[in-house]
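Enquirer: Let me give you the structure first, and then I'll get to my questions.
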């Protein structure tokens, strides 16, 4: 056996040629043919008594093809591993015509995409939005709590604080429209046109004027994206199906326990503080997520990585056969390249920092999720230990996909944590409304 690699450093590709002689595959072929004679069923011969020559004549080409493929795959994998070659995807076999009848030696060729070495930039700086809560955000949250835990009725006619449930569509369109829940209290234009409405009424109104051209407000109740909401001009029709009215719940222990769990808070002062703490915690988590995304985007943008473009395009089509066409790859190539670069950066961080994920970490994370679903975050140690087998069984499901998913999630968190230690982070104070506008 002889293996050679002809590199094209400019294109970051390589041509791997594997030359196999009869000595490389004949012993394995002979062994398999003998195995076939033990189980081959041929008319006129007892099981196990079929002549080797007949088996070779009947099945020899197929067996030879299988064994050549095994020897070839092992040889290619070993060569790549032993020589420390960093590949993009997998080797792509080049077309080859093999004559099993006459040839004893064979040449097989593979096209390789080679990944270059690179260094991460040392001057990364990102902003972390430090969100301060405003009265409007707190009011919105309390309104949501009231709507969720209060008593909802369906009066005949709407009043100022009610919600109209129904279908919204562009005036004159034949479509049925999209289901919405319109909060009359959020109408900043003429809200009187929504008062005194009953089921079956149709309200025709200028959508932009009703919400003072605020795309964010329109988006919130219509489900349209902010871009779509900004472009939703002219008259719209709302077919009212029912009026929703919610009576705010009493501020008592029953409500406190429903919202935050038994005996977490015991009076309205503690309740208000807990609401604020929860909102702040959610914004802090979102802010961290936005900062992490910014780190990734900057790394991909500022890290100089040369990509074997033509090979990558070819590999994408081949690896996603039937799902991706060359035209689709060209159309979305910039996104594919960004994804590849981030994958390379992530792998480099894992290798350089020797990041690992233990089985215990995976099981513990899964247990935390399970207990969170049962609203039991502080489970006693004894009970938690008894649930480990349940978590382990869950991780084995889907042919181990659950395990791989948790592994990848934990590793991704460790990569970001490692990168955050190398990035200059500047806190930038913003209001909750500003934060929502920036990240909506």
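In this note's numbering, the protein residues as written are 3 to 442. Each residue gets a CB set at the ideal place from its N, CA and C atoms; glycine is no exception.
(1) Quick check on the DSSP output: the alpha helix (DSSP H) that includes residue 420 runs from which residue to which?
(2) Could you check if residue 177 is buried or exposed, using at least 16 other CB atoms within 10 Å of its CB as the buried criterion?
(3) Cutting at 8 Å between CB atoms, please list the residues of its own chain near residue 255, excluding the five before and the five after it.
(4) Is residue 131 buried or exposed, if buried means 16 or more other CB atoms sit within 10 Å of its CB?
(5) For residue 292, which residues from the same chain have a beta carbon less than 7 Å from its beta carbon, with the 5 sequence-adjacent residues on both sides left out?
(6) Could you check what DSSP says for residue 120 in three-state terms: helix, strand or coil?
(7) According to DSSP, is residue 264 part of a helix, a strand, or is it coil?
(8) Quick one: using the 10 Å Cβ neighbour count with 16 as the cut-off for buried, is residue 237 buried or exposed?
(9) Do residue 213 and residue 229 have their CB atoms nearer than 7 Å?
(10) Give me the Cα-Cα distance between residue 30 and residue 342, rounded to the nearest whole angstrom.
(11) With distances taken Cα to Cα, identify the nearest neighbour of residue 205 among 221, 172, 350, 227.
(12) Cα separation between residue 92 and residue 392?
(13) What are the partner residues of residue 95, as DSSP defines its beta bridges?
(14) Of the residues 349, 351, 316, 350, which one's Cα is nearest the Cα of residue 335?
(15) Helix or strand or just coil, what does DSSP make of residue 254?
(16) Could you name each continuous alpha helix (DSSP H) segment of 4 residues or more that falls completely within the stretch 269-341, going from the start of the chain to the end?
(17) Closer than 8 Å by C-beta to residue 151: which residues in its own chain qualify, once you throw out the five before and the five after it? Chain order, please.
(18) For the alpha helix (DSSP H) containing residue 228, name the first residue and the last one.
(19) Could you pull out every residue in the same chain whose Cβ sits closer than 7 Å to the Cβ of residue 367, ignoring the five residues on either side in sequence?
(20) So, is residue 96 buried or exposed, given that buried needs 16 or more other C-beta atoms within 10 angstroms?
(21) Which first and last residues belong to the beta strand (DSSP E) in which residue 358 is found?
(22) Excluding sequence positions up to five away, which residues of its chain have a Cβ less than 6 Å from the Cβ of residue 421?
(23) Per DSSP, which residues does residue 431 bridge with? Please list them.
(24) On a CA-only basis, which of 100, 388, 79 is nearest residue 109? Give me that one, please.
(25) Compare the Cα-Cα distances from residue 80 to each of 44, 106, 20, 126 and report the closest residue.
(26) Nearest-angstrom Cα distance between residue 117 and residue 84?
(27) Using a threshold of 7 Å, state whether the C-beta atoms of residue 427 and residue 351 are closer than that.
(28) Can you give the Cα-Cα distance for residue 89 and residue 75, rounded to whole angstroms?
Expert: Judging by the given coordinates:
(1) 403-422
(2) exposed
(3) 268
(4) buried
(5) 131, 441
(6) coil
(7) coil
(8) exposed
(9) no
(10) 39 Å
(11) 172
(12) 37 Å
(13) 112
(14) 316
(15) coil
(16) 270-304, 311-321, 328-333
(17) 251, 257, 260, 261
(18) 228-233
(19) 408, 412
(20) exposed
(21) Careful: residue 358 lies outside any beta strand (DSSP E) and carries neither H nor E.
(22) 297
(23) 132
(24) 100
(25) 20
(26) 16 Å
(27) no
(28) 15 Å
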